[in-house]
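Heads up, the thing below is written out as structure tokens.
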Ligand code: IMP
Ligand code: MG
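In the numbering used here, the protein residues as written are 16 to 193.
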């Protein structure tokens with residue numbers, strides 16, 4: 016099935032699960048080399064990153080810890096794109112290497128806020144690993160250390176990404192049809 020309907024919109028297949036797994040393997044290989052001996056803590060940002068985190072970490076073979084956080088956003092009125100904090104951050108990260116695991120970096124607001132929060136909590140080194148990156152939408156200067164797939168400014172669903180709550184369970188990634 017190459018075309019699907021979610022709510023009011025039609026989507027077409029864009030990145031197959033085979034292509035995703037290949038890209039995820041390449042990121043894992045880099046991480047295995049770069050972070051060997053550092054016992055990194057992988058912090059997957061829910062909900063979107065659950066599939067990427069699961070597949071990536073099956074391919075990460077170095078000693079590491081894995082935990083999950085949620086971003087608490089200011090509702091409605093905030094124009095700053097700031098976050099209220101991280102829900103579920105129980106680990107002491109002082110002096111540690113922490114890898115933020117994200118589904119997608121778009122403007123970069125979310126990941127920059129999470130990065131700042133982790134540095135404030137005393138992390139020695141904070142890396143960013145994202146499944147998808149939209150370089151044309153990115154407004155920040157923070158380097159994105161590990162990018163599986165670069166994508167244009169299209170709206171995508173699947174493999175963790177949702178459209179109004181639906182589509183996260185799709186194994187492939189779909190793009191909104193014009
Ligand atoms: P940011 O603009 O980098 O802060 O991205 C914020 C959030 O927007 C991401 O974590 C996703 O939840 C969502 N997002 C951005 N682009 C897409 C997309 O193409 N599909 C689904 N969600 C998206
Ligand atoms: Mg997200």
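Idealized CB from N, CA, C, for every residue including glycine.
Item	Value
Cβ contact (3+ pairs, closer than 8 Å) linking the segment 76–83 and the segment 146–165	no
Residues bridged to residue 140 [DSSP beta-bridge criterion]	112
Spatially closest choice to residue 135 from 119, 144, 107, 117, by CA coordinates	107
Per-residue burial, residue 55 [other beta carbons within 10 Å of its own, 16 or more giving buried]	buried
Residue 174 and residue 191 closer than 9 Å at C-beta	no
Buried or exposed by the 16-neighbour rule on C-beta atoms within 10 Å, applied to residue 128	buried
Cα-Cα separation between residue 97 and residue 145, rounded to whole angstroms	20 Å
Minimum C-alpha distance to residue 48 - residue among 176, 78, 164, 186	78
CA nearest to the CA of residue 153, picked from 64, 189, 119, 182	119
C-alpha gap between residue 11 and residue 111, whole angstroms	This structure gives no information on residue 11, because the portion of the chain shown stretches from 16 to 193.
Rounded straight-line distance, which links the Cα of residue 87 to that of residue 102	7 Å
Any non-hydrogen atom of ligand 1 within 8 Å of residue 63 CB	yes
Buried versus exposed, by CB contacts within 10 Å (16 or more), residue 139	exposed
Identified DSSP bridge partners for residue 173	176
Coarse secondary structure for residue 46, derived from DSSP in three states	helix
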